[in-house]
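Notes for the one structure printed next.
In my numbering, the protein residues as written are 807 to 1039.
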């Protein structure tokens, strides 16, 4: 049985006193980001002060955004109780969403970020393999799409990433049981495509900053996972 996004040190680095220090550090990161500093030097500076690990610094970088960017993302968010604002079709950042749910289903830490998204620490560096949590992750996405009465959804997968074809096949197979009409595209540069589309489902900060509108679907899925390890910094 695989645990996506899990490192044994997480049990110490994201609990107890370390978690309290991370929450304090997150406020300091927020303070500096709000004054125009870039996230990388800020998390390095704050991380050095608290002697955080690289993984803890990554959690800070992914959890905290400047209030300016949070407001801009909020202004583009499609609210799920206002159906008239929904596009005809949603566009899903495939690996981004599936991996986050695999992490949550694995009991590994996921982060309730200050912009309302859910992010993980798993990372994708050109290699991906289907695990025992993958099908359930896909099914939960499809179930949520049906729950929101979304007619069409397109999953975008990165062509350079290993096993993108296998994941595409699994998504298509699972989708046969659901009402939503599903398309899967394997393309060279997912980010560049999503940045131009309405109704994007992703937690990638750069995509959210650039796309015309987005749907924050993941919290509604993750909150239904039993024993999920969610952390708010």
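All C-beta atoms in this analysis are idealised placements derived from N, C-alpha and C, irrespective of residue type, glycine included.
Tell me which same chain residues have a C-beta within less than 7 Å of the C-beta of residue i, skipping the five on either side of it?
i: residue 1013; result: 899, 997, 1000, 1001, 1006
i: residue 942; result: 911
Residue i to residue j, Cα distance in whole Å?
i: residue 940; j: residue 908; result: 6 Å
i: residue 960; j: residue 973; result: 13 Å
i: residue 935; j: residue 962; result: 17 Å
i: residue 951; j: residue 830; result: 36 Å
For residue i, is the classification buried or exposed, using 16 other Cβ atoms within 10 angstroms of its Cβ as the cut-off for buried?
i: residue 1010; result: buried
i: residue 995; result: exposed
Can you name, in chain order, every residue of its own chain whose Cβ lies under 6 Å from the Cβ of residue i, other than the five neighbours on each side?
i: residue 925; result: 868, 917, 919, 1009
i: residue 870; result: 832, 835, 836, 920
Does the distance between the C-beta of residue i and the nearest non-hydrogen atom of the ligand ATP fall short of 6 Å?
i: residue 921; result: You won't find the ligand ATP in this model; it holds no ligand whatsoever.
Could you say which of the options lies nearest to residue i if we only look at CA atoms?
i: residue 812; options: 1034, 840, 922; result: 1034
i: residue 1021; options: 953, 884, 988; result: 884
i: residue 839; options: 821, 827, 875; result: 875
i: residue 820; options: 882, 873, 915, 911; result: 915
i: residue 946; options: 929, 902, 1031; result: 1031
i: residue 816; options: 938, 928, 982, 1017; result: 928
Are residue i and residue j touching if we call contact CB-CB under 7 Å?
i: residue 853; j: residue 863; result: yes
i: residue 990; j: residue 978; result: yes
i: residue 986; j: residue 910; result: no
i: residue 953; j: residue 984; result: no
i: residue 982; j: residue 895; result: no
i: residue 808; j: residue 964; result: no
i: residue 897; j: residue 1003; result: yes
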